[in-house]
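S.K.: Those sequence lines, one after another, are chains Y and B. Heads up: the first sequence runs through residues 148 to 379, numbered per my numbering. Heads up: the second sequence runs through residues 80 to 333, numbered per my numbering. Built from N, CA and C at the ideal position, the CB exists for glycine as well. No experiment lies behind these values; they were computed from the predicted model shown.
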Amino acid sequence: MKLYIEDLTFKYRWDDTYIFDSFNHVFEGPWLHIILGPNGVGKTTLLKLVAGVLNPLRGSISLEGGLLGRGDVSYVPQDNELLPWLSVYANVELPLRIAGVNGNERRLRVLEALKSMEVLGYANRYPKHLSGGERKRVALARALASNSKIVLLDEPTANLDPGSRELLWSYLKSLARSRLILVVTHNVGEALLEGGLIHILTGRPARVVEVFEGGEEAWSRLRRVMGYYKIS
Amino acid sequence: MEQVKEGYGILQDLLVVTATLILLFALWHVAATTFEKPYLPTPAQVVAELHKSFISGVLVENTLITLRRVVTALLLALTLGLLSGLLASRTIIGSRVLRPLILATYPIPHVTLIPILIWILGVEWSKIAVISIITYYPIAISTMEWATRTPREYEDLVKSMGGSKLHLIIYVVIPYIIPGLLTGLRIAVSTAYAVVFIAESFVLTGGLGALIEDSWHRLNYPAVYAYVITLATLGITSYTMIWTFEKAYMKRLT
């Protein structure tokens, strides 16, 4: 599956510069894609545009030719990734309810997703009783249960301790075997280390200046990557 | 640990309330026996009156009449307040037309509408209507204010799942405004018992307000006290019930 971003043009109403101006890019999946770039470059905006939360002024975002439909995308914002008034179970169930999946199937899919993210024991808890890492895993369970082809995560490891970080990355990588995952981060070291396909986003309007495989050998690019942070 | 502490807290609260009540009654008794005025009967006389009224069935019958009026009025106010509050904050037409209308008509002394309402709605429904009108405002206004500040992130989440406007209302707006709605309802309830007295004492067709008015004209002093205490107890009980629910809801979220 391929996620095509074509001629994407967007600016915020209060801003006089364009964040994206005829932006074109392709993400191929199933795979783990990491979008790396300095603050304010438009990483979160890109995720929100793909998630359908923001509407582009011009251009299209399509999945293998067809426009993105309801349930194709699962979005995990940086904070407040779960609704605080719903239990863990109800949070994971929400996209299925919205999509009108029937009760029996809903139950099966929610339980299975909770089990595979190892948060089944928290099903009846409320988000405030979970740690940051647990909340992210519940959000991943929600993505899993909804069968969405694309999962978008905004700074998923921002407030996590090293142990939870490592665990989350391992879940993300296993999820990336069947889905297209876009992770946005400004943590250069973590992105390079964890691998996946790294896209460097920089400038205004934003453009992708480099795409390369992460992993051990990517460290040699560190100096160059840091250079992009100074430009913008 | 928390559980134990909490249980202790409730027990302590109860103890304080009981002690205060005993002290109050004692002071009242002393004052009543010292001044010996007809308009200040002793607590014992009032309790005897309450007992008599209870045995004869007058107390229960009229308490139920008052309760039925208050509850009907509050349910009406809650439904209309919630609906119009949501419309006024979540739709363009609502925020242009309904919102200014609600805010502009809020300071009117609505109790003065009773005589007119009697012409239009008849004796029974005019009482319910005036309580509804007055309690509508705190509910509608708190709904309106809270529904305009729902966190963007939660709305984005539901939108990204392909949720419709109705989904947004059900899964984000309503759960988010519940604390505000309960605060509004709490204010509304305490006002409702004040208004029901005025409404019931205007044309006497049963209810605690009518009993107070009637006993007052007959110079039955202990009875006036007895029914005022009953009405006050209803008010305090309703207020506390909503407050407890409010606290429980907030505790789960934050």
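What are the boundary residues of the beta strand (DSSP E) that T156/Y is part of?
M.R.: Here the question's residue 156/Y lines up with position 9 in the first sequence. K149 to F157 is the span of the beta strand (DSSP E), which, as asked, contains T156/Y.
S.K.: Suppose the cutoff is 7 Å on Cβ atoms and the five residues either side in sequence are ignored; what does the same chain contact list for K84/B look like?
M.R.: In the second sequence, the residue the question calls residue 84/B occupies position 5. Any reading at K84/B is ruled out, since the residue's pLDDT is 48, under 50, leaving its predicted position unreliable.
S.K.: Is it buried or exposed, W225/B, if we count other Cβ atoms within 10 angstroms and call 16 or more buried?
M.R.: As a first step, residue 225/B must be located in the second sequence, where it is residue number 146. Result: buried.
S.K.: Kindly indicate which residue of L344/Y, W232/Y, P303/Y and I152/Y has the alpha-carbon position closest to the one of E360/Y.
M.R.: The residue you call residue 360/Y lines up with position 213 of the first sequence. For the residues L344/Y, W232/Y, P303/Y and I152/Y, the minimum Cα distance to E360/Y belongs to L344/Y.
S.K.: Look up S207/Y in the DSSP assignment and give the residues it is bridged to.
M.R.: Taking the first sequence and counting its residues from 1, one reaches residue 207/Y at position 60. Its beta-bridge partners are E153/Y.
S.K.: Anything in chain B within Cβ reach of D226/Y, meaning under 9 Å, just list it in chain order.
M.R.: Stepping through the first sequence from its first residue, residue 226/Y is reached at position 79. Under the 9 Å cutoff, chain B gives E232.
S.K.: Would you grab the beta carbon distance between E279/B and T145/B for me? Rounded to a whole angstrom, and I think it's under 8 Å.
M.R.: Here residue 279/B refers to the residue found at position 200 of the second sequence. Here residue 145/B refers to the residue found at position 66 of the second sequence. The pair is a contact, with the Cβ atoms about 7 Å apart (cut-off 8 Å).
S.K.: What first and last residue would you give for the alpha helix (DSSP H) that runs through L322/Y?
M.R.: Within the first sequence, residue 322/Y is the residue found at index 175, counting from 1. P309 to L322 is the extent of the alpha helix (DSSP H) around L322/Y.
S.K.: Tell me, please, which residues DSSP counts as bridged to H180/Y.
M.R.: For this step, residue 180/Y is matched to residue 33 along the first sequence. L329/Y and L344/Y, per the DSSP bridge assignment.
S.K.: Between Q82/B and M373/Y, what straight-line distance do the alpha-carbon atoms span, to the nearest angstrom?
M.R.: One-based indexing of the second sequence puts residue 82/B at position 3. One-based indexing of the first sequence puts residue 373/Y at position 226. Because the pLDDT of Q82/B is 44, which lies under 50, any placement of that residue in the model is unreliable, and the number read from its coordinates should be weighed accordingly. Roughly 53 Å separates the two Cα atoms.
S.K.: Give me the Cα-Cα distance between Y300/B and I197/B, rounded to the nearest whole angstrom.
M.R.: In the second sequence, the residue the question calls residue 300/B occupies position 221. In the second sequence, the residue the question calls residue 197/B occupies position 118. The alpha-carbon atoms of Y300/B and I197/B are separated by roughly 29 Å.
S.K.: Please list, in chain order, the chain Y residues whose beta carbon lies closer than 9 Å to that of G241/B.
M.R.: Taking the second sequence and counting its residues from 1, one reaches residue 241/B at position 162. By Cβ distance, chain Y contributes G199, G216, R217, G218, D219, V220, P242, I245 and A246.
S.K.: What residues in its chain sit with their C-beta under 7 Å from that of E153/Y, if we drop five residues either side in the sequence?
M.R.: Taking the first sequence and counting its residues from 1, the one referred to as residue 153/Y is at position 6. These residues qualify, in order along the chain: N171, G206 and S207.
S.K.: Counting C-beta neighbours from all protein chains within 10 Å, is the total for I187/B 16 or more, i.e. buried, or is it exposed?
M.R.: Position 108 of the second sequence holds residue 187/B. Under this definition I187/B is an exposed residue.
S.K.: Can you say whether K326/B is buried or exposed, counting buried as having 16 or more other CB atoms within 10 angstroms of its CB?
M.R.: Against the second sequence, residue 326/B aligns to sequence position 247. Answer is exposed; the Cβ neighbour count stays below 16.
S.K.: What residue ranges within the region 146-225 of chain B form continuous alpha helix (DSSP H) runs of no fewer than 4 residues, ordered along the chain?
M.R.: DSSP runs (the alpha helix (DSSP H)) wholly in the region 146-225 of chain B: 178-184.
S.K.: Hey, is P254/B's beta-carbon within less than 7 Å of any beta-carbon in chain Y?
M.R.: Mapped onto the second sequence, residue 254/B falls at position 175. Chain Y contact via Cβ: present.
S.K.: Whose C-alpha, out of N251/Y, D308/Y and L241/Y, is nearest the C-alpha of V285/Y?
M.R.: In the first sequence, counting from the first residue as 1, residue 285/Y sits at position 138. When only C-alpha atoms are compared, the closest one is L241/Y.
S.K.: Apart from the five residues just before and just after L277/B, which ones in its own chain have a Cβ nearer than 6 Å to its Cβ?
M.R.: For the purposes of this step, residue 277/B is taken as residue 198 along the second sequence, with counting starting at 1. For the record, residue 277/B in the displayed sequence is Ile; it is not Leu. Around I277/B: V190.
S.K.: Closer than 8 Å, Cβ to Cβ, to anything on chain B: give me those residues from the region 175-203 of chain Y, in chain order.
M.R.: Against chain B - using a Cβ distance shorter than 8 Å - the residues of the region 175-203 of chain Y are K195, A198, G199 and V200.
S.K.: Which residues in the same chain as M80/B place their Cβ atom closer than 8 Å to its Cβ, once the five residues preceding and following it in sequence are excluded?
M.R.: Translated into the one-based positions of the second sequence, residue 80/B becomes position 1. Low local confidence applies: a pLDDT of 39 at M80/B is under 50, so the model's placement there is unreliable, with the coordinate-based value given in what follows. For M80/B, where only same-chain residues beyond five positions count, there are no Cβ hits under 8 Å.
S.K.: Could one say the Cβ of L315/Y lies closer than 7 Å to chain B's Cβ atoms, at least one of them?
M.R.: To locate residue 315/Y, count along the first sequence from 1; it is residue 168. It does not: the Cβ of L315/Y has no partner Cβ on chain B nearer than 7 Å.
S.K.: Just checking my contact of A338/Y with L183/Y at CB under 8 Å: how many whole Å lie between their CB atoms?
M.R.: Here residue 338/Y is taken as the residue at index 191 of the first sequence, counted from 1. Here residue 183/Y is taken as the residue at index 36 of the first sequence, counted from 1. Yes, A338/Y and L183/Y are in contact; Cβ-Cβ is about 5 Å, under 8 Å.
S.K.: Where do the N-terminal and C-terminal ends of the alpha helix (DSSP H) with H130/B fall, by residue?
M.R.: Within the second sequence, residue 130/B is the residue found at index 51, counting from 1. P122 to S135 is the extent of the alpha helix (DSSP H) around H130/B.
S.K.: Listed in chain order, which residues of the region 195-222 of chain B have Cβ atoms closer than 9 Å to some Cβ of chain Y?
M.R.: Going along the region 195-222 of chain B in chain order, one finds no residue with a Cβ nearer than 9 Å to chain Y.
S.K.: Alpha carbon to alpha carbon, how far is T164/Y from N227/Y?
M.R.: In the first sequence, counting from the first residue as 1, residue 164/Y sits at position 17. In the first sequence, counting from the first residue as 1, residue 227/Y sits at position 80. Going from the Cα of T164/Y to the Cα of N227/Y covers about 28 Å.
S.K.: Is there a Cβ of chain Y sitting closer than 7 Å to that of M80/B, yes or no?
M.R.: One-based indexing of the second sequence puts residue 80/B at position 1. With a pLDDT of 39 at M80/B, under the threshold of 50, the modelled position of this residue cannot be trusted; read the value that follows with caution. Taking Cβ atoms only, chain Y never reaches closer than 7 Å to M80/B, which makes this a no.
S.K.: For the alpha helix (DSSP H) that contains D293/B, what are its first and last residues?
M.R.: Start at 1 with the first residue of the second sequence, and residue 293/B comes out as number 214. Here the alpha helix (DSSP H) through D293/B covers L287 to H296.
S.K.: Based on the DSSP output, what are the partners of H172/Y in its beta bridges?
M.R.: In the first sequence, residue 172/Y corresponds to position 25, counting from 1. Answer by DSSP bridge pairing, in chain order: I152/Y.
S.K.: Which chain B residues sit within Cβ distance under 9 Å of K283/Y?
M.R.: For the purposes of this step, residue 283/Y is taken as the residue at position 136 of the first sequence. Ordered by position in chain B, no residue passes the 9 Å Cβ test against K283/Y, which lies about 14 Å from the chain.
S.K.: Could I get the ranges of all uninterrupted beta strand (DSSP E) runs contained in the region 238-290 of chain B, with 3 residues as the minimum, in chain order?
M.R.: Listed in chain order, nothing qualifies, since the region 238-290 of chain B has no complete beta strand (DSSP E) run of 3 or more residues.
S.K.: Got a sec? Which residues, its chain only, sit under 6 Å from K283/Y by beta carbon, not counting five neighbours each side?
M.R.: Residue 283/Y sits at position 136 when you count from the first residue of the first sequence. So the qualifying residues of the chain are P303 and L315.
S.K.: In the DSSP assignment, find the alpha helix (DSSP H) that holds R351/Y and state where it starts and stops.
M.R.: Working through the first sequence from its first residue, we reach residue 351/Y at position 204. R351/Y -> no alpha helix (DSSP H), and no H or E assigned at all.
S.K.: For a minimum of 3 consecutive residues, which ranges assigned as the beta strand (DSSP E) are wholly contained in the region 186-268 of chain Y?
M.R.: Entirely contained in the region 186-268 of chain Y, the beta strand (DSSP E) runs reaching 3 residues are, in chain order, 205-210 and 220-223.
S.K.: Can you give me the Cβ contacts of G286/B inside the same chain, cut-off strictly under 6 Å, excluding the 5 residues immediately before and after it?
M.R.: The residue you call residue 286/B lines up with position 207 of the second sequence. The answer, listed in chain order, is N141, I144, T145 and E279.
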